[in-house]
Structures are given as C-alpha cells and as structure tokens.
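According to this note's numbering, the sequence shown holds residues 16 to 186 in order.
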Amino acid sequence: MTTYKKILCTTDFSEASYAALPTAAILAEQCGAQLLLVHVIPFPAPNNHGLSTEEECERVATTEAESVLRRIGDERLTGCGRAHSFVRIGDPVTEIISVAQQEQVDMIVIATHGYSGWRHVIFGSVTESVLRLAPCPVLTVRSPDDRADGHLRGYNANGTTDTSGTALGPS
Numbered sequence: 016m017t018t019y020k021k022i023l024c025t026t027d028f029s030e031a032s033y034a035a036l037p038t039a040a041i042l043a044e045q046c047g048a049q050l051l052l053v054h055v056i057p058f059p060a061p062n063n064h065g066l067s068t069e070e071e072c073e074r075v076a077t078t079e080a081e082s083v084l085r086r087i088g089d090e091r092l093t094g095c096g097r098a099h100s101f102v103r104i105g106d107p108v109t110e111i112i113s114v115a116q117q118e119q120v121d122m123i124v125i126a127t128h129g130y131s132g133w134r135h136v137i138f139g140s141v142t143e144s145v146l147r148l149a150p151c152p153v154l155t156v157r158s159p160d161d162r163a164d165g166h167l168r169g170y171n172a173n174g175t176t177d178t179s180g181t182a183l184g185p186s
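Printed below as a string of structure tokens:
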C-alpha cells in the first residue's frame with residue numbers, strides 16, 4: 016500500500032480550483048500527510064496597482080497571493096493542520112512540477128476547469144500538462160459547476176445529499 020507523506024494541491028484562486036481543496040485536505044488528514052498549497056503568478060506579474068517596475072509588481076503580487084493562501088488555510092482547510100504554502104512566478108505547469116520535484120510530493124491534487132472546444136484550444140490545460148509531466152500520481156477534481164449532466168451536484172463523498180454547498184461530490 017502506498018503511503019502519502021506530502022500532498023500538493025494547486026490553486027489559481029478560481030472557484031473551480033477551490034473544488035480540489037477539500038479533497039486534498041481530507042486525503043492529507045486521513046493519510047497523516049503534510050498538505051502543500053501552491054499558487055503560480057503568471058510572468059510577468061500583473062500590474063494592478065500602477066507600479067513602476069516589474070520587481071515591484073512581483074513583490075506586491077506575491078504578498079497578496081501569500082495572504083490569500085493563508086486565508087484559504089484558515090477558512091477552507093480545517094482538520095488537516097496547517098498547510099505549507101508556495102507562491103511562484105512563471106509558467107504554471109513548470110512551477111507546479113518544480114515544487115512537486117523539490118518537495119518530493121507523493122501526490123498532486125488539481126482541479127479541472129472543464130474547458131472544451133475553442134476555450135481549451137485558446138486557454139490550454141494546465142491540468143492536462145501536469146498529468147503528463149508530474150513525477151507522482153495526480154488526482155484531478157472536477158468542479159461541481161463544470162459537470163455537464165449535473166447528476167452529481169449536491170452529493171457528498173458518501174453519496175448522500177449535501178445542502179451545505181460544500182460538497183466534495185464524487186469525481
């Protein structure tokens with residue numbers, strides 16, 4: 016039986032990416048594994064504050080991302096202890112794989128956005144690339160809103176109705 020000591024969960028701070036967080040937290044808790052969160056800021060970092068240099072943009076974007084990751088850890092990841100967070104700047108796929116290798120993670124948990132057709136062609140798929148390049152198993156979690164048939168909405172991991180709005184939902 017495989018023992019998981021480190022589980023890496025990615026987030027781009029979208030609602031779709033938040034679907035993977037409860038799954039990763041439950042796995043970490045049940046396995047006694049350390050949970051690692053990673054957020055990648057695309058390069059160049061967005062200049063939302065009218066800053067004059069690229070370095071300032073990166074510093075501000077990193078500080079803001081670290082704050083959001085702390086809040087995610089406090090609000091969404093109860094029961095699995097404190098998650099260790101990483102904020103990187105660059106290509107999301109490259110940075111996710113880099114953290115996974117450097118930290119020697121045993122599993123990556125990543126959400127799918129469910130893009131198809133022209134959206135998939137234009138936006139690509141970070142999840143698809145991580146699946147191909149990861150040094151470890153990858154668990155993909157589909158956002159309940161991305162399920163085309165809607166049959167699984169409102170059900171929790173045990174298959175019973177969940178009206179709380181925080182259902183894991185079978186993937």
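Beta carbons: idealized from backbone N, C-alpha and C, even for Gly.
If you follow the alpha helix (DSSP H) that T109 is in, where does it begin and where does it stop? P107 to Q117
Could you check where the alpha helix (DSSP H) with S144 kicks off and where it finishes? V141 to L148
Would V120 pass as a contact of L51 if the rule is Cβ separation under 8 Å? yes
Go to T25, then tell me how far its beta strand (DSSP E) extends in each direction, as first and last residue. K21 to T25
Are the beta-carbon atoms of V153 and I125 separated by less than 8 Å? yes
Enumerated in chain order, which unbroken segments of the alpha helix (DSSP H) with a length of 4 residues or greater are wholly contained in the region 31 to 95? 35 to 46 and 69 to 91
Helix, strand or coil at S29 according to DSSP, with G and I counted as helix: coil
Nearest to V108 (by Cα), restricted to the options S32, V141 and G47: Measuring from the Cα of V108, the nearest candidate turns out to be V141.
Could you tell me the alpha carbon to alpha carbon distance between E187 and V75, rounded to whole angstroms? The structure shown does not extend to residue 187, since the chain spans only 16 to 186, so no value can be given for it.
Please report the distance separating the alpha-carbon of Q17 from that of G65. Residue 17 is actually Thr in this sequence, not Gln. Distance between the alpha carbons of T17 and G65 is about 49 Å.
Quick check: what's the CA-CA separation for E143 versus T127? E143 and T127: Cα-Cα distance of roughly 9 Å.
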